[in-house]
Structure formats: structure tokens, C-alpha cells
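Below is one structure; the comments refer to it alone.
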Amino acid sequence: MKPTLYLNFEKINSKVITLAFLLYNCFVFGQSTKTNEAYVLFQKKDYLKAAKAIDEAAANPETENDPKTLCVKGFIYKDIYKTSEIENPESPARIKALDAVAKGISVDTKGEFTKNYKDLFWYLVKSMKKDAVAPFNSQEYAVALKLYQNYLEARKLMVTEIDTSVTFYCGYSAYQLKKDDIAINYLNKVVRFNYDDSYLYFMLADLYARKKDNQSRKKYLDEGLRLYPKDRNLAIASIQYFEETGNLKELENKLQSSIKNSPKDIDLLLKLALIFEKQVESEKDTVKKNKVFVKAIETYQKVLDIEPNHANANYNMGIMIYNLAVDKITQLEFTIDFTEIDKIQEDCKVLFKRSLPFMEKAYTIDPTNKDILTGLSGIYYSLDDSEKLKTIQALLEKYKK
Amino acid sequence: MKKIAVLLFVFFALSWNPKDILLAQEPNSANSKIKAIFMYNFTKYVEWPGTYHQGDFVIGILGATSLSTELEKMSQKCKVGLQPFKIQRYNSVTEIGKCHILYIANEKSSSLGSALTKVKNHSTLIITESEGLAQKGSAINFVSVDSKQRFELSKTNAGRYGLQVSSSLNALAILID
Chain D
260 MKPTLYLNFE KINSKVITLA FLLYNCFVFG QSTKTNEAYV LFQKKDYLKA
310 AKAIDEAAAN PETENDPKTL CVKGFIYKDI YKTSEIENPE SPARIKALDA
360 VAKGISVDTK GEFTKNYKDL FWYLVKSMKK DAVAPFNSQE YAVALKLYQN
410 YLEARKLMVT EIDTSVTFYC GYSAYQLKKD DIAINYLNKV VRFNYDDSYL
460 YFMLADLYAR KKDNQSRKKY LDEGLRLYPK DRNLAIASIQ YFEETGNLKE
510 LENKLQSSIK NSPKDIDLLL KLALIFEKQV ESEKDTVKKN KVFVKAIETY
560 QKVLDIEPNH ANANYNMGIM IYNLAVDKIT QLEFTIDFTE IDKIQEDCKV
610 LFKRSLPFME KAYTIDPTNK DILTGLSGIY YSLDDSEKLK TIQALLEKYK
660 K
Chain C
18 MKKIAVLLFV FFALSWNPKD ILLAQEPNSA NSKIKAIFMY NFTKYVEWPG
68 TYHQGDFVIG ILGATSLSTE LEKMSQKCKV GLQPFKIQRY NSVTEIGKCH
118 ILYIANEKSS SLGSALTKVK NHSTLIITES EGLAQKGSAI NFVSVDSKQR
168 FELSKTNAGR YGLQVSSSLN ALAILID
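From first to last, the protein sequence lines are chains D and C. One rule links them: number in our numbering = place in the first sequence (from 1) + 259. One rule links them: number in our numbering = place in the second sequence (from 1) + 17.
The following block contains the structure:
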């Protein structure tokens with residue numbers, strides 16, 4: 260599901276600013292210059308002529324570095340942006356306004372227009388930030404990333420501290436775009452500021468997984484789970500890490516811990532059951548093997564208690580019991596005595612019968628699944644039910660084609 | 018500046034990787050293993066003439082059957098006394114030579130008669146796996162009873178080929194005669 264950004268944008272009342280500017284400048288601008296002419300036109304909202312006049316003033320060597328001229332230019336282009344280009348995230352007027360602010364700040368050594376420049380600056384950069392919200396919310400991450408980057412770049416003009424939220428959004432967008440290095444760069448910046456979002460740690464872990472850097476991957480998984488112990492995404496990512504690195508016991512402990520927090524989470528329970536299944540496969544000691552087998556069965560049963568029609572849980576339950584019976588026979592020594600064989604066959608028959616209802620249930624839920632059909636045919640074969648075996652084998656042939 | 022609130026609702030469906038799916042074991046392998054174990058046991062309860070106690074203990078297989086794989090495994094692990102097993106495959110009756118045991122696969126059941134003729138001068142234990150073949154001349158015929166592997170035994174048919182069957186085998190077999 261797409262992430263949603265709700266932006267409660269603090270609007271600057273431009274009328275108040277403009278009025279303050281006007282009153283202030285009654286005292287400042289006395290002489291009749293192009294700047295003054297532009298200002299008068301600006302007051303009349305004749306922005307095109309005002310822009311022409313202020314551009315001439317800004318090009319004039321006598322006024323090009325005049326803080327007043329640059330301030331008026333900033334306001335004129337800000338209003339042009341506001342009245343006719345506000346829907347354009349690449350607004351040329353806004354860029355000119357910001358350029359005027361940047362230059363104005365550098366030449367306003369006495370700080371006469373500091374308040375005006377600050378007001379202009381915040382209005383313009385906040386509008387840039389606002390522009391990125393819609394594409395971000397609609398998952399147009401390439402556009403969102405570019406606009407957020409523009410905002411961050413413009414913001415540097417007056418602010419030195421990091422905007423952690425927007426930096427996070429840049430990282431998130433780059434992550435979605437699979438621009439891994441860019442994403443890591445942004446996300447590592449915000450993680451240093453303890454940005455409060457569990458998904459930050461998930462993304463970093465995933466990014467390092469993509470880079471096959473398991474040390475960093477584990478570091479962020481551990482840190483994320485320490486901060487957000489109930490976070491499901493981090494829990495699953497952690498499980499996948501242990502699964503991939505082959506440390507099943509550590510994985511089992513993690514899973515058990517996650518299940519304590521989410522005892523009804525079927526995905527976690529299925530994963531845990533699978534871990535037990537893998538342990539059954541690898542365990543040589545019969546007693547230990549049987550113990551783990553029971554754990555697996557109990558875990559699948561927990562899934563079925565929550566969701567009786569879960570196809571995977573029914574299938575896995577059926578196949579585990581069936582495979583146990585087959586393994587009991589195939590692992591026998593050739594030299595075993597007749598009398599023992601009969602008992603083992605009897606035990607296996609019980610297991611085959613026990614596996615059948617689970618596999619038949621899985622079949623009713625997912626009747627075209629070849630794995631289920633194969634499992635079911637194995638059980639019917641073992642139980643010597645030739646009629647049902649024929650039916651299932653015919654279906655298998657049909658789906659093979 | 019008001020704080021920007023972010024609500025991220027990210028749901029990740031945990032899809033199971035196909036590698037995680039458990040697959041059913043091949044049921045034939047279990048059935049073949051049981052038959053192989055039975056056959057090894059037959060070597061303990063059937064007595065061949067003295068001239069058959071030297072050299073390889075030959076098991077001939079007529080026709081295709083998954084049992085041959087298990088018998089090959091058995092031949093690598095076990096012996097009959099000091100005699101190593103030798104597994105000999107035959108595609109047709111004409112290929113059949115001297116062997117201690119001749120296993121006739123289901124697909125070659127119709128060849129039982131000619132196979133009996135072929136080995137009439139040998140002490141060969143003939144084993145089949147189709148209904149009614151013990152009555153038609155095989156000494157042992159595998160059958161499935163109540164979902165378990167069992168075998169029919171015809172001591173008469175075994176005796177025709179100079180084979181002595183221990184009475185211990187009677188208790189485990191479905192006796193034909």
C-alpha cells in the first residue's frame with residue numbers, strides 16, 4: 260500500500276507581507292528609479308510590466324547589487340509565481356524570486372531587508388516542499404525525489420540544520436526507485452538524528468541486503484527491532500536474514516520472540532514450522548528428530564486453529580506426516596527382520612491415514628495445485644486406494660499439459 | 018513550523034518462496050524398499066543347493082521396476098553369507114541366465130510361463146508381483162493387503178526348483194498350498 264503524506268502546510272499570508280513591505284518602503288524608496296517604477300507597477304498588480312522594469316533595474320550596473328532592487332524583484336516574481344505559476348513545480352518565476360533572495364542576502368550587508376528576505380525565502384521553499392507531496396503520495400517517486408531535492412538545495416540558502424522528514428522522504432523515494440546508493444546516503448543521514456520511523460531501519464537493512472553487506476544489514480535489523488520490537492516488517496526481515504545466513508537456531512529464537520508479540524500471526528507461525536521442518540531434515544538423532552517433528556506439527560496446528568482453511572498449512576501438515584511415514588521405511592536397514600517390518604508398516608499406515616484429511620482439505624481449497632495433487636496421489640498409493648489414485652493421476656496428467 | 022505528520026501504512030504480504038514448499042516423497046521408493054528388505058530376508062529363510070553357495074548371489078530382474086534401484090543399493094551394502102550380490106537385468110526371457118532369484122516385474126507378468134521353462138534346470142526362486150501368479154507357478158508373489166506389503170508363498174513351486182523354505186517363513190506369508 261502506498262505511503263501517504265499529510266502535509267499541514269503553514270501558509271504565509273502574503274497580503275500581510277506585501278502590506279508590511281509597502282509601508283516600510285514608503286520610507287525607503289524616495290527617488291524615481293526603475294526599482295521605484297517596478298514597485299509602483301507591482302502595487303497595481305501589473306506584474307508583467309513590473310517584472311520588465313525590475314529586470315532592467317537588476318541589469319543596470321548602478322542597481323544590480325542594490326538590496327532594495329533585489330528585494331522588490333523577489334516580491335514581484337514571488338507574486339507572479341503565486342498568481343500564474345503556482346501549479347508548476349518548475350516555475351521559472353519562483354526560481355527568479357529565489358535567485359533574487361539569494362543575491363539580495365549576500366549584498367544586504369547592513370541587514371536592512373533581512374525580515375523581507377526571510378519571509379520571501381520561507382514562503383518560496385515551503386511552496387517547493389508542498390509541490391513534492393502530491394507526487395510522493397501518488398507514488399511518482401522520481402518526480403517526488405527531484406522536487407524534494409530541489410527543496411533541500413534551496414533550503415540551504417538560509418538553514419543549516421537537516422530537514423529530517425524530507426531527507427527521509429528522499430531516501431524513501433530513492434529506495435522505491437532502487438537508487439540504492441542515493442537511498443542509503445539520505446537514510447543514513449536521518450538515522451543519525453534518531454528519526455522515529457521503523458521503516459527507516461527496514462529500508463536500510465534491505466538496502467544493505469541488496470548490497471550483500473550482511474554486517475550492516477544485521478546492524479540495522481537489530482537496532483530497528485530494539486527500537487520497535489513489535490514491528491512486523493522488521494521481524495520478517497530479520498527472519499529472512501537468519502534464513503539466508505543459515506543460522507536456524509538463532510532464527511528460531513527470533514521467531515519465537517516475534518510470535519510472543521503476535522501469537523496469531525500466521526506468516527510467522529508458518530515460518531517457524533518451516534524451521535522445525537528443516538531441523539527434522541538435518542537432525543540425525545532420532546529422539547531429537549521426533550521432538551522437532553512434534554514441534555512442527557504443533558505449529559501447523561496452531562495455524563489451522565486460527566485459519567482452518569489455510570491451504571499451505573493443510574498441505575504442509577499433510578505432507579510432513581506423509582513424508583515421515585515414507586522416510587521411516589526408506590531409511591530402514593535392508594537387514595531388518597520380517598517381524599519388525601510388519602510393525603513399521605502398521606505404524607506407517609496410521610501416519611498415511613492421519614495425513615490424508617489434511618491433504619484432502621488442501622485439495623478442496625486448491626484443486627489444481629500440482630504439489631497438492633502429487634502429495635495426494637502418494638497418500639492414495641500408500642493406502643492402496645487405486646480408484647482415487649487413478650482420478651488424481653489423471654488430474655496430474657491434465658495439468659502437466 | 019508545524020510538524021509534518023507522516024502516516025506510513027506499509028503492508029507486506031509474506032509470500033512463500035517456492036523453495037520453502039515441502040514436496041511429497043516418492044511413494045514407490047518406500048514400496049520398493051520394503052520389497053528389497055523382504056527379498057533380503059528370503060535369502061535367510063530359503064535354502065539353495067550347495068552348488069549355489071559359491072560365487073555371486075545373482076538376482077535377475079525381468080522388466081523395468083523401481084525395485085532395481087533398491088536392489089542395487091542393497092547389493093552394495095549386504096551379502097548372503099560370503100556371497101556378494103549381483104543384480105542382473107533382463108529385457109526378455111531369452112536373456113535370462115542362471116540366477117538365485119528371478120524377479121518378474123509387473124509389466125512382464127505375462128512372461129511367467131516362458132520364464133518358468135527357461136529356468137527349469139536351475140534352482141531359482143521366482144518372485145512376481147501380480148495377483149494370482151503364485152497359483153501360476155511363482156514361488157513368491159508380492160501382494161498388498163490392507164495397505165501393507167505382504168507376500169504369497171507356494172512351497173510347492175519353490176520345491177520344484179530344489180529350494181527348501183524354512184517353516185519360519187510360513188508364519189509371515191500368505192500360504193498358497
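All C-beta atoms, glycine included, are put in the ideal place defined by N, C-alpha and C. All values reported here derive from a predicted model rather than from experimental measurement.
- At least 9 Å separates the CB of Cys429 (chain D) from every CB of chain C.
- Nearest to Lys405 (chain D) by alpha-carbon distance, out of D:Lys389, D:Ser636 and D:Cys330, is D:Lys389.
- Take the alpha-carbon of Ala403 (chain D) and the one of Leu436 (chain D): they are about 11 Å apart.
- Spatial neighbours of Thr633 (chain D) in its own chain (CB-CB distance under 7 Å, excluding positions within 5 residues in sequence) are listed in chain order as Leu655.
- Here Asp163 (chain C) is exposed: its Cβ has fewer than 16 other Cβ atoms, across all protein chains shown, within 10 Å.
- Secondary structure of Tyr454 (chain D) (DSSP, three-state): coil.
- Burial is judged here by how many other beta carbons sit within 10 angstroms of a residue's own beta carbon; Ile191 (chain C) has fewer than 16 and is exposed.
- By the CB criterion at 9 Å, Lys52 (chain C) and Leu79 (chain C) fall outside the cutoff.
- The C-alpha of Ala433 (chain D) is placed about 33 Å away from the C-alpha of Leu507 (chain D).
- Relative to Ser614 (chain D), the option among D:Glu511, D:Gln590, D:Met576 and D:Ser645 whose CA is nearest is D:Met576.
- Contact of Cys116 (chain C) with chain D is not assigned, every C-beta pair being separated by 9 Å or more.
- Looking only at D:Ile580, D:Val392, D:Ser365 and D:Thr594, the smallest Cα-Cα distance to Thr60 (chain C) is reached by D:Thr594.
- Residue environment for Ser641 (chain D): buried (at least 16 other C-beta atoms within 10 angstroms of its C-beta).
- About 40 Å separates the CB atoms of Lys165 (chain C) and Gln515 (chain D); that is not less than 8 Å, and the two are not in contact.
- Residues of the segment 49-78 of chain C that bring their beta carbon within less than 7 Å of a beta carbon in chain D comprise Lys50, Ile51, Ala53, Ile54, Tyr57 and Asn58, in sequence order.
- Scanning its chain for C-beta atoms nearer than 8 Å, with the 5 sequence neighbours on each side dropped, one finds around Glu344 (chain D) the residues Ser350, Pro351, Ala352 and Arg353, in chain order.
- For the 9 Å CB-CB criterion, Val449 (chain D) and Thr423 (chain D) form a contact.
- DSSP places Thr82 (chain C) in the coil class of the three-state scheme, outside both helix and strand.
- The segment 328-347 of chain D and the segment 301-312 of chain D touch, with three or more beta-carbon pairs separated by less than 8 Å.
- In chain order, Val585, Gly637, Tyr640 and Ser641 make up the part of chain D whose C-beta sits under 7 Å from the C-beta of Pro44 (chain C).
- With at least 16 other beta carbons inside 10 angstroms of its own, Asp325 (chain D) counts as buried.
- Residue pairing by DSSP places Pro326 (chain D) opposite no residue, since no beta bridge is assigned to it.
- Contact between the segment 620-639 of chain D and the segment 110-124 of chain C is not established, with fewer than three Cβ pairs separated by less than 8 Å.
- Its Cα nearest to that of Leu150 (chain C), the residue C:Glu169 stands out among C:Val97, C:Asn187 and C:Glu169.
- Apart from sequence neighbours up to five positions away, the residues of its chain that approach Val551 (chain D) with a beta-carbon distance below 7 Å are Phe535, Gln538, Val539 and Glu542, ordered along the chain.
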